[in-house]
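A.B. asks: Here it is, the structure in full.
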Amino acid sequence: MRKSFIRSAVGCAAAALLLFFASRFVLALDDLASGKPVKADCSEVVDFAGGSMPAQATGARCTDTSGWQEQGYTGEFRMPRTDLAARLVAAFPRVRLISDETWGMTLRNRDETDENRPRGKAWVVELEITYDNDTTALVKLNATNI
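Quick note, this note's numbering runs 1206 ahead of the 1-based positions in the sequence shown.
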């Protein structure tokens, strides 16, 4: 009698543990499938992009946009406009200035080849900059492996 009670208790505990982990997995999949933003650590995001957070960046927010088969992140932060392109290239050495307009600029790593792309890092790195005013710019980072 005591052995069957112990077996039942162990079985119930194992079933409860399995149910707990299964529900956590389903909730995680639901978040990805629903398109809800999943907060990410910005240091991981800029590392995945092959860079570092610029010294004068403020208000950084990052999101994990990974899907079933790809890894990706977005991030945004604000910076002073003074020497912005040079400071962003210094922080993200894989990107180059693609366009410079009156409203902002774009930097990408479009000239990279498979041979010189760092392993385990983003295949595509893009920085879209929009000027807030004469002194500040909003920088949006997109880094993905597809």
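From the three backbone atoms N, C-alpha and C, an ideal C-beta is built for every residue, glycine too.
(1) Compute the distance between the beta-carbons of Y1330 and E1282, then report whether it is under 8 Å.
(2) Report the residue from T1312, A1328, G1273, R1300 whose alpha carbon sits nearest the alpha carbon of P1243.
(3) List the endpoints of the continuous alpha helix (DSSP H) containing V1295.
(4) Tell me the residue span of the beta strand (DSSP E) that contains S1305.
(5) Mapping DSSP to helix, strand and coil, what is D1270?
(6) Excluding the 5 residues flanking T1350 on each side, which residues of the same chain have their C-beta closer than 8 Å to its C-beta?
(7) Determine the DSSP secondary structure at E1318, reduced to helix, strand or coil.
(8) Just the C-alpha distance for M1326 and D1306, rounded to the nearest angstrom, thanks.
(9) The beta strand (DSSP E) that contains E1332, what's its start and end?
(10) Go through its chain and collect everything with a Cβ distance to A1264's Cβ below 6 Å, but skip five positions before and after it.
C.D. replies: According to the data block:
(1) Position 124 of the sequence shown, counted from the first residue, corresponds to residue 1330. Position 76 of the sequence shown, counted from the first residue, corresponds to residue 1282. The sequence as given places Val at residue 1330; Tyr does not occur at that position. Cβ distance not < 8 Å, so V1330 and E1282 don't count as in contact.
(2) Taking the sequence shown and counting its residues from 1, the one referred to as residue 1243 is at position 37. Per the Cα distances, G1273.
(3) In the sequence shown, counting from the first residue as 1, residue 1295 sits at position 89. Counting along the chain, the alpha helix (DSSP H) containing V1295 begins and ends at 1290 to 1297.
(4) If you number the sequence shown from 1, residue 1305 lands on position 99. Counting along the chain, the beta strand (DSSP E) containing S1305 begins and ends at 1302 to 1306.
(5) On the sequence shown, residue 1270 is found 64 positions in, with the first residue counted as 1. Residue state, collapsed to three classes: strand.
(6) If you number the sequence shown from 1, residue 1350 lands on position 144. If we look at T1350 and ignore the five residues flanking it on each side, its Cβ neighbours are T1271, E1276, Q1277, G1278, Y1279, A1328, W1329, V1330.
(7) Reading the sequence shown from its first residue, position 112 is the one you call residue 1318. If DSSP states are grouped into helix, strand and coil, E1318 belongs with coil.
(8) By 1-based counting over the sequence shown, the position of residue 1326 is 120. By 1-based counting over the sequence shown, the position of residue 1306 is 100. According to the sequence provided, residue 1326 is Gly. The question's Met does not apply to it. Taking the straight line from one Cα to the other gives about 30 Å.
(9) The count along the sequence shown starts at 1 and reaches residue 1332 at position 126. E1332 -> beta strand (DSSP E) spans 1330 to 1337.
(10) As a working note, residue 1264 is residue 58 in the sequence shown. Reading off the sequence shown, one finds Thr at residue 1264, where the question assumed Ala. R1284, listed in sequence order.
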